[in-house]
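Numbering (the numbering used here), first residue to last: -18 to 177. Built from N, CA and C at the ideal position, the CB exists for glycine as well.
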Amino acid sequence: MHTFPQGLILSGCFLSVVFFALPGPLCAAPTARRAAAWEAAAQFERWTNALRLSRGLSPVRLDPALCRAAGAHAAEMARNHYFGHGGLGGRWFGGGSTPGSRAWQAGYMWSFIVENIAAGRPTPATAFAAWVASRPHYRNLVEAAVRDLGIGVARDPQGCCLYWVMELAQPRLGVISPFVWSGVQPDPPFRFGWGL
């Protein structure tokens, strides 16, 4: 079972006030803080689904593995004071992670993945509104192929900036990828929206 380190990440859910990591497994017995955080994540899911349903698209559902991937990337950006879709160093080919490799590492086998990121937005509502107002982010929110959603947020060590990550993906069903056989974590096909 996956456990989370003490720190500034809240993987899979977020609160609009102060964010602290929850030690222990994600599936542990609910606490008041964890329940409030999951309710906030569920609100993000409702906003996304309301937008998608208004366009005649299928709804998405929160996925714990995608939430872990999103939370880990938000924490990495906050801890290292950078903003980008690539992992440490901000480069994909220089050994840094990608949206796809982070999802695979968190246990989500995908066939399609997109990522939205934002920084400096003080609440879930302002982060979501910024994504809706941004053409690349909006396109990701209404991508017909996606079925699952992951949310992550982290506050930088100085406590002045929130980093938001949303992963939207379609799972790989019934197919063993050649990447699994070779141990390589694939990158494309994914698309991302630049943060505001």
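Taking only three categories from DSSP, how would you classify residue i?
i	result
S92	strand
G68	coil
V134	strand
V113	helix
L34	helix
E124	coil
L143	strand
R152	Note that residue 152 is Pro in the sequence shown here, rather than Arg. Three-state DSSP puts P152 in a strand.
R83	helix
R42	strand
Please report the Cβ distance between residue i and residue j, rounded to the nearest whole angstrom; I am assuming they are in contact, meaning their Cβ atoms lie under 8 Å.
i	j	result
L154	V127	L154 to V127, Cβ: 14 Å. No contact.
Going by Cα to Cα distance, which pick from the options is closest to residue i?
i	options	result
A87	A108, D44, A125, N121	D44
V134	N121, G77, A21, A16	A21
V146	S82, P138, L130	L130
I132	P105, P138, A111	P105
Exercise. Is there contact here, the region 26 to 39 with the region 59 to 69, by at least three beta-carbon pairs under 8 Å?
Worked result: no
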